[in-house]
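So the structure is just underneath, and the comments pick up after that.
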Amino acid sequence: MLWLYLHFPHLLLDHIRRDRQDQRPLVIVEGTGQHVLQACPEARNRGVQTGMRLKTAVTLAPELGIVRAQPEQDARILEDQARWLYRYAAHITLVSPDGLLAEIGSLQKLYGGLPAVWQTVEQALDEHRLTAWAATGHTPLAARLIARAGKGECTGDRGHILRTLETMSLATAEFDAKTCTRLQRLGLNTLGEVFALPAPELARRLSPEILAHIQKIRGTRPDPQAPWQPPHSFRQQADFVQEIEHSQGLLFPLQRMLSELEDDLCWRQQDTDSLHLILQHRHEEDTRLRIRTSGPEHRADGFLNLIRLRLEQQPLRAPVVALVLSVKRFIGREAPAGQDLLGKSQDLNEAWHTLISRLQARLGDHALKRLSPQEDHRPERAWSASEVQSKHKPRLTNPEHLPRRPLWLLQGPQPLTEPPTAWFSGPERISGGWWDGERVHRDYYIAQLRSGQLAWVFRDVREGWFIHGWFG
Amino acid sequence: MAGLDSAMPDYAELFCFSNFTFLTGASHPHELAERAAEMGYTALAITDTCSVAGIPRAWAALKDSPVKLITGSWFALEDAPDGAATPRFILLARTRRGYGQLCQLITTGRRRAEKGLYRLFFRDVETHELDDCLCLWLPPTVAEANTDQAQACGEWLLRLFEHRLWIAATRTLESGEEHQLARVRWLADQLRCPITACGEVHMHSRERQPLQDVLTALRYHTTLEHAGYCLFQNGERYLRPLPVLQRLFPEEWLNQTLRIAEACSFEPGSLRYEYPPDLVPSGETPAGYLKRLTHEGERQRYPGGTPLQVQALIRKELELISLMQYEHYFLTIHDIVAFARSQGILCQGRGSAANSAVCYCLGITEVNPANVELLFERFISKDRDEPPDIDVDFEHERREEVIQYIYQRYTRERAALAATVIRYRPRSAIRDVGKALGFDPALVEQLLDGIDWRDKATNWRQQVLDKHLTRNPSVADQFFTLVNTLLGFPRHLSQHVGGFVISAGPLAELIPVENAAMKDRTVIQWDKDDLESLGLMKVDVLALGMLSAIRKALALIGEQKGVPFHIQDIPQEDPATYAMLQKGDSIGVFQVESRAQINMLPRLKPETYYDLVIEVAIVRPGPIQGDMVHPYLRRKHGLEPVNYPNDAVRRVLERTLGVPIFQEQVIKLAMVAAGFSAGEADQLRRAMAAWKSHGDLTPFREKLITGMLERGHDADFAERLYQQICGFGGYGFPESHAASFALLVYVSAWIKRHYPSAFYCALLNSQPMGFYSPSQLVQDARRHQVQVLPPDVNHSQWDHSLEGPDRHLRLGLRIIQGLSREGANRIHQNRPGSGYRSATELRRQAHLNQRDMELLAGANAMPGFTTNRHQAYWQLLDHEQPAALFAQDTPADYQPDHCPLLPEPSEGQNVLADYASQGLTLQRHPLALLREQGHLRFCLTSEQLKNTRAGIPVQVAGLVTGRQRPGSASGVTFVTLEDETGNVNVVVWLETARRQRKPLLTARLLHVKGVLEREGDIVHVMAGKLSDLSHLIHSLPVNSRDFQ
């Protein structure tokens, strides 16, 4: 058995940088935003280091871009890498948060030797614009330790690998902190010196677990690895440090994602006829787009054209901070696409989506809305017409607690042109909304007009009178 | 105008939250008070939630105003009587007795809940005596409770507050108001109870609505965008003009407010401190007892007879104390100090009243009025009705004993700590406003880190836009305004460092008491300014590390001499001690050990006690900003004539050679040189004290400068004096404190000079304290020829100790980081006469666990039976332990267990291991090793620099032990480098620092090319090129252990 280990020293950075055109220094910070977890080469050039306080980092590089780490995101990105590596090697193990392990002994014959395997992987890394430290090892741990120490070589020679291990310092051997301190207190500095100690003494004076670890590194104890299974659906995400304001700017990352989709579909030997695109915004609900092709499709170009058309039709509601592309529906290449979309085989949910999709195609996205109440004192904001596909569930307020409002609210206030004949209640003063630039300051009254209609009228700060709605 | 109009109604606001109802009220109490006065209100009640914390400030603002202040509080109960809605109401104090009842109820609610919260149940209201309080009921809204529940609630209150209950009606112009008013009228009719108007005030002006919204969003942990109906519908909850109120409320409801206001006669100014009578023996008057104690002390202090001058002083002081009836205050402090004395706890009083002849006789201070000519004018001011001020410092390790004594002597009912109001500062304000506006927290943090807080000209608005916190410029403006308004708002009450309030009766009837965050601590709802403004007294019980160190050093000296040794035994005005200080040799000495002080000592050349008083006070923002340091030094050394414009100024400045140094002098000068009246000078003093939080000094500038010009002083001096006043702001350092501190400076310097090993031993045993790390202290000790020995299980105790006739300093086991104290004590107690012979014996005899054993091996603390730390470690990693019960010593237990495979530690490895385990090494300094290895070829040592000519280019290198950017030095960074011979002072100018941020901020081992500068004995390197040599630390040995 021979193992290949890929260590991604700054996977999240690579992930973000490959969808960016400018190359400002960039760092990943931990959740609380206090310390730097990863720094890109530009940032490192200015002295920013891993583990440094963010405050210090910003002092060193004032224009620093900052991204906050999220563990779920790391896991997702690592899985993305496993997906393409799976095309080359069947036995893969994910070593979170930043490593992939592949059994390559069995591939040598297929590719025509170890150097060919190595080259293939390096080329793939290059294509994906990823930084990885690779190493081979006769055990999974040996490969991992050598890779993480940056001492990887393309070799299958067990003796050579062991010699490399022996020169490595204890800190790189992944003992827990306590063990590491203990070994150092014995004056031991390299892995070789630890290998030299008698095994029974090691187990007795340190612990059996340490002995087991060492044996796994050297290969005198088995270290089985459970193989990873690829997921059944496709999902890719691009995260942006700087918000993207125009749909044009989405095409660059989309191109890459679609070509990964094409690769994925080819590998699956399948097509699809619907893509889900989620545009995430900072302060607003996500925009969810569902793109349907006229028939089964797998080509990136084909998808890109459709999406471009769709985005041209529909300007962005708000700047985009992240983009998710996912495909859940796969169609076998040889099987013909279903004839009747509303046929018996489709469930109701599918039928609903198809109906919405058709209506949207016919009427345009803007024609379809879903109504819901919204907690806001400003009458025009007390309800919302949101995206039909949004999954957002509005908070429900007890209707008894809701303020008294007319059933018919006008699209916008209309000037009141006649003095009302009678006043029924008021004033009710509404003032608020200063924080989003749409401040209102009004006194509302219920008044009867000459026509006998009950109107909801208000006077605003600028001394004007308006009708805002009608009571039945 | 409003008041003159006969048609205009009168009105008293009875429902008003100040910002002491945290995250609810959006105005300071004084803002509310001032606005109520402007609006022509008859009275204003401050009714914070289960609190009277805002009262003193409102009272101070309304003291000279026709608006009457009413004390009250708002409550919402946790539960309700059967079938009734949850009661919410306001209680107003009708009389002093009613105020006591209110405080008692608040205390009950607060003491029962976690810090910052309260819990009151309807049974509490039934069982507490509240017959001197008035109640305003706020009936539940239609949405909250049905009519029956509302009525039941009203009936319950009516039973408790018959003829003292009103139903409160508000007009906030919100949706559903008609229904609520209808309910109020119906309830009034049913209960036959009058209705009163109220404003439900949350802010003094409508302009505060945005801030009120922000606070509400924060209270609900949400953003403004998502706050929805949590926010108020409009901004009507402010102090509205009378005509508006007249339009909104029926006349009868407005008139009721006046009747209520008239019924409330309690006035916070009438609160008087009632002293605990316990201290005076029966049959004696307080004055007589104080006199007796003073005379007893006098006989001890002056065995040869009291000097005439001191006798006169004592007489004068006692008269003044009697006149002001402050006997109890002095007796209280005497009692606490006497307790400390009896327990052998060292203490020292300071403050204006502390340095008096009476306090010297009572043992509160050691500053002898016979030896020092001090100015006691501020002792107690007859003109100002202001309590005397005595702070007492105790040994920091034993202050808790004193606090427990106070609790025990006066009980928790009668003693509590004063509060400290924690207020919004720029960071917290920016963070919270950013949170409410929905800014990304990471970006807000980045903004905070990017702001240069010293640079007052920072354009926040631009930074907010630059960091993409928001794209909307108007939001950036709002942000800026909100942050500025929020600054200084109270956030919560914390405990004061040591200010105790002690009373005769239950404290809870004087001031509400609530829980502090610390277990078993209670605080009152007022802080020290509040107490001062109401003329209440507090006793400051503070902690001072140096006192612990001095006590320990005195004990070691006594041990050496064979007789107890006291501070009084230290000879006065010892020339050798002053000679040492003049050289700037002051590491470890109280107050004068900082870098700035070390540089000042050789310039000021203190020769007498009073020079030390000046030394302590001169290196502070006040004199530095006022540019008073250089003139003083020139005059002290006779380089500039000492002259005075007139005799009045001479009297103020004579002791300091015509240059104002102390805060008292500056204030006095404002009177004699700028014509301030006594009252104005007092205002100036208060403004200075408050300057940092919310005070404003600019109004005084004009008056000060014109006043001084009119009286013939030159404009430059006037401007400098103003700058000095600004410098004192927030850091005022009066002569009375400097005098007490100078005494400790002298004592600690004397010990350092004459008993260096006792001095360092005591300092090390009192850590953490002071400016320097144990490593720096040990190096300084060795430079003073103190022999320092390593920790050793066969010689060390827990504490550091002095060994043998030569008084060698043996490091204690406490230096080993992480070692358990119990384990260390057992090592000492169970040690066999001949010492431990093996690791096994040590483990067995001292019952040590594996962790402690490993720490001992890491510290190489077993040199008696192990060859080196690696082998020591190998021995004790053997987990097999003999069955303890029947363990027989076998010869094998004393056999060294040698492993030939382990390498011998190198010197470098030992140095690093020492640092890792003890934070210091007794072997060679790492810099000496690096120098020997040829890494620092052109670098001069700190010692060599002393003999190097000024002005020539030099190179130095050292471990970075300090980086400082003092506020008083514009943009300069001071870096301290440590090498094997001492410390090197490096000065980095702003431009140099900007260009070389990376090495400056991150290097642990720094190399500096620069130019040597010299002033007398003080040597600096003005940095040019900085380089980071930290990697060399790792090259010391082959060892990856982190070096700290």
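Taken in sequence, the protein lines are chains W and D.
Just so you know, the first sequence maps onto residues 1 to 472 in full-length UniProt numbering.
Just so you know, the second sequence maps onto residues 1 to 1044 in full-length UniProt numbering.
Idealized CB from N, CA, C, for every residue including glycine.
Note that the coordinates shown come from a computational prediction; the quantities given were computed from them, not determined experimentally.
- Taking a Cβ-Cβ cut-off of 8 Å, R185 (chain D) has no neighbours in chain W, whose nearest Cβ is about 16 Å from it.
- For E207 (chain D), no chain W residue has a Cβ inside 7 Å of its Cβ, as the nearest lies near 11 Å away.
- Nearest neighbour of Q875 (chain D) by Cα position, chosen from W:H138, W:R205 and W:A142, turns out to be W:R205.
- Counting only runs of 4+ residues, the alpha helix (DSSP H) found wholly inside the region 46 to 122 of chain D occupies 55 to 62 and 96 to 111, in chain order.
- Annotation: the continuous alpha helix (DSSP H) that includes H328 (chain D) extends over E327 to S342.
- Residues of the region 906 to 936 of chain D that bring their beta carbon within less than 8 Å of a beta carbon in chain W comprise Q909 and A913, in sequence order.
- Contact of W798 (chain D) with chain W by beta-carbon distance below 7 Å is absent, the smallest such distance being about 23 Å.
- Under the 10 Å beta carbon count, V461 (chain W) is surrounded by fewer than 16 other beta carbons and is classified as exposed.
- With a 10 Å radius around the Cβ and a threshold of 16 neighbouring Cβ atoms, H1007 (chain D) comes out buried.
- A Cβ of chain W is located within less than 8 Å of the beta carbon of E178 (chain D).
- Among the CB atoms of chain D, one or more fall inside 8 Å of the CB of H283 (chain W).
- Counting only Cβ-Cβ distances below 8 Å, I430 (chain W) has contacts in chain D at Q233 and N234, in chain order.
- Note on the region 160 to 243 of chain W: whole alpha helix (DSSP H) runs with a minimum of 4 residues are 177 to 185, 191 to 196 and 208 to 218, in chain order.
- Per DSSP, W186 (chain D) is one residue of the alpha helix (DSSP H) stretching across E177 to L191.
- For T293 (chain W), the closest Cβ of chain D is not nearer than 8 Å.
- Cβ-Cβ distances below 8 Å link E710 (chain D) to G675 in the same chain, with the five nearest sequence neighbours on each side left out; the list follows chain order.
- N484 (chain D) has its alpha-carbon roughly 19 Å from the corresponding atom of Q446 (chain D).
- Contact with chain W is found for K998 (chain D), since one of that chain's Cβ atoms lies less than 8 Å from the residue's Cβ.
- In summary, the residues of the region 192 to 215 of chain W whose CB is separated from some CB of chain D by less than 7 Å are A196, L197, R204, R205 and L206, in the order they occur in the chain.
- Contacts between W434 (chain W) and chain D, judged by CB atoms closer than 8 Å, involve Q209, P210, D213 and Q478 in chain order.
- Residue ranges of uninterrupted beta strand (DSSP E) with 3 or more members are absent from the region 571 to 647 of chain D; none lies entirely inside it.
- Assigned with DSSP and collapsed to three states, A718 (chain D) falls in helix.
- Two segments are said to touch when three or more pairs of C-beta atoms, one from each, lie closer than 8 Å; by this definition the region 548 to 557 of chain D does not touch the region 139 to 158 of chain D.
- For A43 (chain D), the closest C-alpha among the options D:L242, D:A169, D:D82 and D:P791 is that of D:L242.
- Measuring C-alpha to C-alpha distances from P87 (chain D) to each of D:W137, D:H492, D:D124 and D:M688 identifies D:W137 as the nearest.
- Short of 7 Å from the beta carbon of Q453 (chain W), and not among the five residues preceding or following it, lie these beta carbons of its own chain, in chain order: W470.
- With a cutoff of 8 Å on beta-carbon distance, A429 (chain D) and L493 (chain D) are scored as not near each other.
- For the region 63 to 76 of chain W, the residues whose beta carbon sits under 7 Å from a beta carbon of chain D are, in order, I66 and R68.
- Excluding the 5 residues flanking it on each side, L417 (chain D) has same chain C-beta neighbours closer than 8 Å at Q495, H496, G498, G499, F500, V501, A516, R521, T522, V523 and I524, in chain order.
- If you check the CB distance, A758 (chain D) and A553 (chain D) come in under 8 Å.
- The region 434 to 443 of chain W and the region 14 to 33 of chain D do not touch, with fewer than 3 CB-CB distances between them shorter than 8 Å.
- For T976 (chain D), no alpha helix (DSSP H) run applies; the uninterrupted beta strand (DSSP E) run containing it begins and ends at T973 to D979, by DSSP.
- Counting only runs of 3 or more residues that sit fully inside the region 299 to 327 of chain W, the beta strand (DSSP E) segments are 320 to 327, in chain order.
- No Cβ of chain D is located within less than 8 Å of the beta carbon of H468 (chain W).
- T577 (chain D) is outside the set of residues whose beta carbon lies under 8 Å from a beta carbon in chain W.
- Residues of the region 615 to 640 of chain D with a Cβ closer than 9 Å to any Cβ of chain W: none.
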